[in-house]
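Right, one structure below, let's go through it.
Chains as they are written, first to last, in my numbering: chain A, 6 to 262; chain B, 119 to 911.
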């Protein structure tokens with residue numbers, strides 16, 4: 006059975022104008038992400054990997070091109086509809102664990118669910134789902150805590166819970182482990198891989214090959230263009246991680262990184 | 119470096135800096151303007167009296183009842199005064215002075231017409247120039263008279279007294295030092311001597327002529343005592359100080375403006391504190407970085423101080439420049455009846471400007487201490503050092519039934535009570551002055567106020583020419599009037615309007631006790647009882663040998679309840695026992711009240727405010743208004759029918775001034791609310807950019823974010839409205855009591871509050887303005903994109 010494409014990006018361009026001088030951050034980027042894939046975008050600093058993630062996820066507007074998510078071109082959607090897409094079809098994980106400081110961890114997690122009208126869940130059901138997700142992520146004990154009372158790793162796992170609360174079709178993650186120590190980083194990646202194994206599509210930016218090695222596919226971007234991609238296959242457990250990392254590093258070296 | 123940072127900061131925070139600049143400008147403008155206005159109202163009064171040649175003692179007598187002249191009375195004290203002068207006058211009912219088309223002029227009191235050829239005071243026209251001459255056919259009318267009537271300069275007025283009818287053109291207004299204050303009831307007109315002659319002849323026939331005496335002396339107390347002990351009957355007598363005190367309402371208005379300026383400064387400081395605090399907490403990263411590279415606290419703080427110094431100086435310069443015309447405007451509003459020389463003093467305005475800058479800088483110095491607490495770690499930990507964990511609000515979204523935006527708004531207010539308390543205080547401070555003014559205005563314009571003016575709070579009042587003069591200045595006036603009232607009661611009952619008709623008569627008399635003498639007006643009810651009035655201590659006079667007394671008069675006599683004092687009316691002496699105290703603002707809290715059965719010679723009556731009607735079937739206010747219309751048909755011989763509230767308004771005469779100030783404050787409060795709302799919302803948007811971006815990233819729509827922000831302010835405004843609503847009456851009592859106390863009412867002022875206006879209309883208006891301002895300002899969040907989650911600006 007052919008894999009179902011969830012994200013279809015065609016000729017995506019992003020140009021910044023600085024002091025009347027255009028800088029092409031993305032140049033005619035095209036790619037697909039299939040359902041259930043876990044795709045990593047890698048590249049040197051300034052290569053356009055974050056720009057690609059933000060533009061492909063609709064967080065930023067594209068200069069031109071098409072981004073089809075679940076049959077809708079999010080590059081041209083009106084603001085209201087785009088907000089709905091963010092709310093109900095995608096999740097986003099930031100490098101810095103952005104949460105609202107006046108809400109508890111649980112309230113932060115369930116916040117998007119209270120706005121998702123199509124799901125028609127009661128506040129109680131939403132709270133139960135939030136608690137279930139926290140349990141799954143191993144952070145149920147911090148539900149009532151404030152965001153400055155927990156560790157970075159716990160906070161990032163809470164962010165993952167938040168982006169999962171509306172059962173998104175795809176999760177975008179911008180260096181989700183970038184602000185974490187190795188131990189927390191491993192925990193967060195374990196959670197993401199677990200979600201992916203359960204069928205959630207994930208597209209993430211990382212500069213860490215150890216993290217990228219856990220993805221099914223890696224795209225390499227330089228100067229706003231995708232120079233190549235490497236299929237690593239499904240990452241089932243930790244036994245072959247060293248081989249995957251070595252394979253990836255060799256490929257990255259071939260790509261000139 | 120400072121100027122580079124300053125330039126960048128001024129550009130970046132354009133809106134916020136502009137609003138702070140506006141606040142400082144308005145504060146300087148108000149403080150300078152109101153200090154000048156206050157100084158003008160107090161010092162100008164002395165200068166005004168001096169220029170007008172106001173004497174040390176003034177008294178007014180009626181020729182008809184005068185058996186001696188003032189000179190004759192003071193003959194034995196000849197060495198105690200330097201000069202006695204008098205001006206001649208005749209008295210007219212205001213409704214005998216009509217506008218073209220026989221239209222009434224709208225003024226509701228007696229008019230004293232002065233013969234300018236006999237003028238002893240110096241009178242000034244509206245341009246503050248001395249009036250040297252009045253041409254035939256022209257008249258000058260007092261400022262107060264003009265402001266309380268429908269007359270305009272240039273109008274042609276018809277004067278009718280008996281058979282004498284003549285038209286006059288209103289040349290201009292004049293400043294009337296003696297009778298010009300709001301508390302002095304009569305209006306005055308200056309006539310050319312030739313024009314005045316036929317009127318004086320007719321007035322003399324009717325017994326409507328009198329004299330205003332001016333006694334120049336250094337022995338005020340002695341001479342006043344001699345006058346009081348004499349047989350003379352005064353329409354009015356008092357010292358220059360007493361007349362100055364009648365300008366209390368002008369002082370009150372200036373004081374109120376000063377109070378508002380103080381509130382403005384407080385609001386400006388609160389706003390400044392809020393802004394500095396927000397700026398510093400939102401610039402934690404820059405401050406952290408500066409500390410990391412080795413800049414000291416003072417150096418870091420100085421960049422903020424330089425900015426606020428620059429804004430303060432610019433604001434102070436603009437504010438000082440504007441304070442000159444503004445100060446004159448304030449004086450015009452607050453002291454329209456006092457002739458004030460060009461009042462704005464350059465030095466005072468500059469001192470006020472410097473003082474405001476100094477206070478703001480001191481405040482900025484204190485507020486920027488917050489920067490000391492930030493460390494380099496803040497630069498890398500988003501302003502959180504991780505050392506202090508403080509639990510936020512107790513609300514939980516998971517358990518709340520509120521909608522998301524309502525919950526977030528309520529939760530924010532609960533989580534940062536200190537921040538929102540500032541907004542609550544500012545909104546409450548802007549609401550309270552309007553509410554206070556409204557309560558004062560309502561209290562003064564309420565029929566209950568009649569009890570503090572020596573009358574029974576009745577439903578309606580009326581007047582007529584015969585009633586005002588002939589009836590009251592006739593020995594049989596009391597009986598004629600009682601009969602008339604009884605006849606009116608019967609007619610009213612026949613017309614299905616059961617009512618009592620009565621009046622309070624002012625009677626000239628002298629009071630003596632233990633060698634002390636006072637000469638205060640007495641009140642006696644016609645067709646009503648002394649027991650119908652309120653008493654603050656003791657009880658009402660129960661028989662004709664008893665009286666009630668105002669505490670001030672009792673104090674002057676050294677008498678107390680239970681003492682028997684001697685009261686002389688004309689030639690007749692009465693021994694009357696004091697049974698109770700009552701308080702009334704008439705004659706600045708001086709006077710006595712006779713029992714209704716005491717037989718008095720009404721030749722010594724000074725008239726009454728009006729006849730009063732109290733419906734006994736308790737009709738609604740609307741029904742009273744309808745009945746007043748019917749009364750005009752039933753009693754065509756009577757006039758000036760009005761409600762009890764209108765009667766109180768006309769007697770106090772300060773309603774229009776209060777209404778003007780109220781509108782002025784309302785506009786000012788609206789402007790402050792808009793500026794504060796815009797400034798604070800803008801500050802919050804800047805500080806919460808990251809959170810707003812996060813919300814957008816997780817799918818919140820623009821209008822939800824705007825709603826969230828607006829609801830926060832609505833919650834605070836509702837809390838402010840509740841606080842202001844609760845405090846409005848106690849605060850009015852606290853501020854109002856000393857004012858009423860000065861006028862003789864130390865207890866018993868029943869403050870009247872229009873709940874709908876004070877507790878609903880004003881707060882709703884303020885809240886609406888605030889909500890609109892916040893909504894429009896919050897629309898700026900539309901420009902924040904989801905990817906700005908890491909923004910620190």
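All C-beta atoms in this analysis are idealised placements derived from N, C-alpha and C, irrespective of residue type, glycine included.
Since the structure is predicted, the reported quantities are computational estimates derived from the model, not experimental observations.
C-beta contact flag for residue i and residue j at 9 Å
i: residue 672(B); j: residue 632(B); result: no
i: residue 581(B); j: residue 359(B); result: no
i: residue 172(A); j: residue 32(A); result: no
i: residue 644(B); j: residue 743(B); result: no
i: residue 456(B); j: residue 293(B); result: yes
i: residue 88(A); j: residue 817(B); result: yes
i: residue 624(B); j: residue 732(B); result: no
i: residue 548(B); j: residue 790(B); result: yes
i: residue 597(B); j: residue 686(B); result: no
i: residue 896(B); j: residue 799(B); result: yes
i: residue 719(B); j: residue 688(B); result: yes
i: residue 440(B); j: residue 793(B); result: no
i: residue 815(B); j: residue 905(B); result: yes
i: residue 332(B); j: residue 264(B); result: no
i: residue 667(B); j: residue 711(B); result: yes
Candidates the options, of which the one nearest residue i by Cα
i: residue 755(B); options: 606(B), 795(B), 517(B); result: 606(B)
i: residue 554(B); options: 880(B), 276(B), 701(B); result: 880(B)
i: residue 170(B); options: 470(B), 355(B), 247(B); result: 247(B)
i: residue 99(A); options: 123(A), 210(A), 189(A); result: 210(A)
i: residue 180(A); options: 17(A), 174(A), 27(A), 46(A); result: 46(A)
i: residue 193(A); options: 165(A), 234(A), 19(A); result: 165(A)
i: residue 328(B); options: 354(B), 132(B), 312(B); result: 354(B)
i: residue 357(B); options: 176(B), 486(B), 228(B), 466(B); result: 176(B)
i: residue 167(A); options: 97(A), 151(A), 200(A); result: 97(A)
Residue interval of the beta strand (DSSP E) (run including residue i)
i: residue 98(A); result: 95 to 98
i: residue 73(A); result: 69 to 74
i: residue 491(B); result: Element bounds for residue 491(B): not the beta strand (DSSP E) but the alpha helix (DSSP H), 488 to 491.
i: residue 331(B); result: 327 to 335
i: residue 32(A); result: 26 to 39
i: residue 653(B); result: Segment: none, residue 653(B) is in no beta strand (DSSP E) and carries neither H nor E.
i: residue 292(B); result: 282 to 293
i: residue 224(A); result: 222 to 227
i: residue 14(A); result: 10 to 23
Terminal residues of the alpha helix (DSSP H) in which residue i lies
i: residue 880(B); result: 880 to 896
i: residue 762(B); result: 762 to 770
i: residue 314(B); result: 311 to 324
i: residue 192(B); result: It is not in any alpha helix (DSSP H) - residue 192(B) carries neither H nor E in the DSSP assignment.
i: residue 263(B); result: 261 to 265
i: residue 198(A); result: 187 to 202
i: residue 806(B); result: Careful: residue 806(B) lies outside any alpha helix (DSSP H) and carries neither H nor E.
i: residue 232(A); result: No alpha helix (DSSP H) contains residue 232(A), which is instead part of the beta strand (DSSP E) from 230 to 236.
i: residue 694(B); result: Residue 694(B) -> not in any alpha helix (DSSP H); beta strand (DSSP E) instead, spanning 690 to 699.
Proximal residues of chain C, C-beta to C-beta of residue i below 8 Å
i: residue 809(B); result: The displayed structure is made up of protein chains A and B, and chain C is not among them.
Does the segment 654 to 661 of chain B touch the segment 602 to 615 of chain B, meaning 3 or more C-beta pairs lie closer than 8 Å? no
Touch test, the segment 210 to 217 of chain B against the segment 379 to 394 of chain B, Cβ-Cβ under 8 Å, three pairs minimum: no
I'd like to know if the segment 853 to 862 of chain B and the segment 691 to 700 of chain B are in contact, where contact means that at least 3 CB-CB pairs between them fall below 8 Å. no
Inter-stretch contact (C-beta, 8 Å, three-pair minimum) for the segment 128 to 143 of chain A and the segment 832 to 846 of chain B: no
Runs of alpha helix (DSSP H) wholly within the segment 504 to 577 of chain B (minimum 4 residues, chain order): 522 to 533, 535 to 562
Counting pairs of Cβ atoms below 8 Å between the segment 338 to 352 of chain B and the segment 302 to 314 of chain B, do you hit three or more? Verdict: no, contact absent.
Count Cβ pairs between the segment 247 to 260 of chain B and the segment 188 to 204 of chain B that sit closer than 8 Å; are there 3 or more? At 8 Å Cβ cutoff, the stretches do not touch.
In chain order, what are the residue ranges of uninterrupted beta strand (DSSP E) at least 3 long that sit wholly in the segment 222 to 248 of chain B? 228 to 233
Would you check if the segment 160 to 179 of chain B and the segment 817 to 826 of chain B touch, i.e. whether three or more CB-CB distances between them fall below 8 Å? no
Inside the segment 113 to 197 of chain A only - beta strand (DSSP E) runs reaching at least 3 residues: With a minimum length of 3 residues, the continuous beta strand (DSSP E) runs that stay inside the segment 113 to 197 of chain A are 175 to 179.
Within 8 Å, do at least three Cβ pairs link the segment 513 to 526 of chain B to the segment 105 to 123 of chain A? yes
In chain order, what are the residue ranges of uninterrupted alpha helix (DSSP H) at least 4 long that sit wholly in the segment 776 to 863 of chain B? 807 to 815, 820 to 860
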